[in-house]
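Just so it is clear: in the sequence shown, position 348 is 383 by the numbering used here, and no numbers are missing.
Where is the CB? At the ideal position from N, CA and C, for every residue including glycine.
Worksheet: one structure, shown below.
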Amino acid sequence: MPSVCIYLQVHQPFRLRKYSIFDSAPNYFDDGHNRAVIERVAAKCYLPVLRILREQIVRLGGRFRCALSVTGTALEQFEQHAPEVVQAIHALAQTGGTEFLGETYHHSLAGLYCPTEFTEQVTLHREMLRRVLGVVPRTFRNTELIYSNGIAAQVANLGFETQLAEGWEAVLNKRSAAFVYESVGDSRHPNATSPAAAKGPANLPLNLLLRNYRMSDLIAFKFSDPRAPEFPVTVEKFAEQVGQIGGHLCNVFMDMETFGEHQAAETGILDFLAAMPEKLLEANCDFVTPTEAVAEYQSAGVLDVPMAMSWADESRDVSAWVGNAMQANAVQELYKLEPNVKRKAAAGDPKVLADWRKLTTSDHSYYMSTKRWSDGAVHGYFSPYESPYDAYINFMNVLENLRARVAR
């Protein structure tokens, strides 16, 4: 039976308020809405899930283990609006059964657009983990599991040993996601565009753990869907399917919000989470964290990913964030401001940098997606706007105000 590696992502953006072109106030974020979202999701998801994870680790004597990543934008809002979530994360960390992963502090696309900002946001997130939990991450999870050879080179030069990525058939070349792989080349790979990557020591290859999207999506998207062939998804069915995948690892990666928020408690999803660890142990599976997985299993080969892939949508690329003209324009204009924003901040205006970084959160461009059919339903669920065009106009109004602040 394979080892099971469970990873849950915790993220919340700072959502923008309705911002007219005639607005001039530099307060961009909807504090009331953000507070309401945090309080709702904390009650429905974060607190019960963190409690379940802790209880299962303790009850099963540490045989159940998992991994967690919390963005800086989420933690800031927890500290402000739901400090009990921070306490629950602390309690989970104290069990010793959870590995905390590194990522960009602001859940940004900086790895695709701005290597210097990518380095700074990863460093900020690392410092946050050290401050809040006293841990230094060894495994990296990029925003939305975005991965490429070039991003791997940047990550390796930041001192990480392992990175998570999508187990997409198009890059696996008829191989299985149920093994450890390694990244291609060394830290001077031509796609590594940061100065550190060009000059630093040859830290690559990174260990790579690939998401089993079928098993992950069985919970994240099909659990309460009566149209799914697997419905109803039970712990018995799940354990049976885990046993059939072969290989060394079953990597189940998903958003924590799956449990209680995207899939309501009334569907039985929280009961499923509570029962799953013991059922998998009874089926002779064991649980590993990412660092434990790469220590236990040798690499099955190199994974060459010249173009960026992600865990989003059927296309598994980055079109969820930059796939149309509005998104591409918004993101390009945003990152064009980076040098001037940082000069302004260095001259004594740190708030302009804090605001700009909150705008780099990938959710803002995600809301502008015009995808349709099955992918479109997912995009529409997460957006607070009536249309992608409203999202674009609102974001660009904010960006224009920020541009004026930087120019003064």
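Check, Outcome
"With DSSP as the reference, please indicate the residues paired to V45 in a beta bridge.", "V105"
"Just the C-alpha distance for R440 and Y63, rounded to the nearest angstrom, thanks.", "13 Å"
"Considering only the alpha carbon of each residue, which of M163, N375, L253 lies closest to M289?", "L253"
"Grab the span of the alpha helix (DSSP H) containing F153 for me, first residue to last.", "150-168"
"So, at 8 Å on beta carbons, what are the nonlocal neighbours of M342 in its own chain, with the 5 sequence-adjacent residues on each side left out?", "S183, D352"
"Specify the secondary structure class of G295 as computed by DSSP and reduced to three states.", "strand"
"Whole angstroms is fine: what's the gap from N432's alpha carbon to G97's?", "50 Å"
"So, with DSSP's three-state summary, where would you put S251?", "helix"
"With a Cβ-Cβ cutoff of 7 Å, do P460 and L136 count as a contact?", "Because the chain here runs from 36 to 443, residue 460 falls outside it and cannot be looked at."
"Restricting to Cα atoms, I'd like to know which of V268, A213, K371 is closest to L243.", "A213"
"Take the Cβ of N247 as the centre, count every other Cβ of all protein chains shown within 10 Å, and call the residue buried at 16 or more, exposed below.", "buried"
"Tell me the rounded alpha-carbon separation between R166 and D390.", "22 Å"
"My guess is that Q362 and M403 are in contact by the Cβ rule of under 8 Å, so how many angstroms apart are they, rounded?", "5 Å"
"What do you get for Q122, buried or exposed, if any count of 16 or more other CB atoms within 10 angstroms of its CB means buried?", "exposed"
"Please work out which residues of its chain come closer than 8 Å, Cβ to Cβ, to T108, disregarding the five sequence neighbours upstream and downstream, and give them in chain order.", "H46, Q47, P48, F49, Y140, H141, H142, K393, T396"
"So the beta strand (DSSP E) R89 belongs to, where does it begin and stop?", "Careful: R89 lies outside any beta strand (DSSP E), inside the alpha helix (DSSP H) at 82-94."
"Please report how far the alpha carbon of S334 lies from the alpha carbon of L284, in whole angstroms.", "12 Å"
"Are the region 379-386 and the region 114-129 touching, with three or more C-beta to C-beta distances below 8 Å?", "no"
"Look at the alpha carbon of A300 and the alpha carbon of C80, and state the distance between them as a whole number of angstroms.", "9 Å"
"In or out: F57 buried (at least 16 other Cβ within 10 Å) or exposed?", "exposed"
"Taking DSSP as the reference, what is the three-state secondary structure of E271?", "helix"
"Here's the rule I'm using: 16 or more other beta-carbon atoms within 10 Å means buried, otherwise exposed. How should R262 be labelled?", "exposed"
"State buried or exposed for P150, treating a residue as buried only when at least 16 other CB atoms are found within 10 Å of its CB.", "buried"
"Give the C-beta separation of F322 and R176 to the nearest angstrom, bearing in mind that I take them to be a contact with Cβ-Cβ under 8 Å.", "Contact doesn't hold; Cβ gap of about 18 Å is too wide."
"Would you mind working out which of V376, G295, Q298, V287 sits nearest S38, comparing C-alpha positions?", "V287"
"Taking the alpha carbon of P312 as the reference point, which residue from R75, Y401, L88 has its own alpha carbon closest?", "L88"
"Report the three-state DSSP secondary structure of T197 (helix, strand or coil).", "strand"
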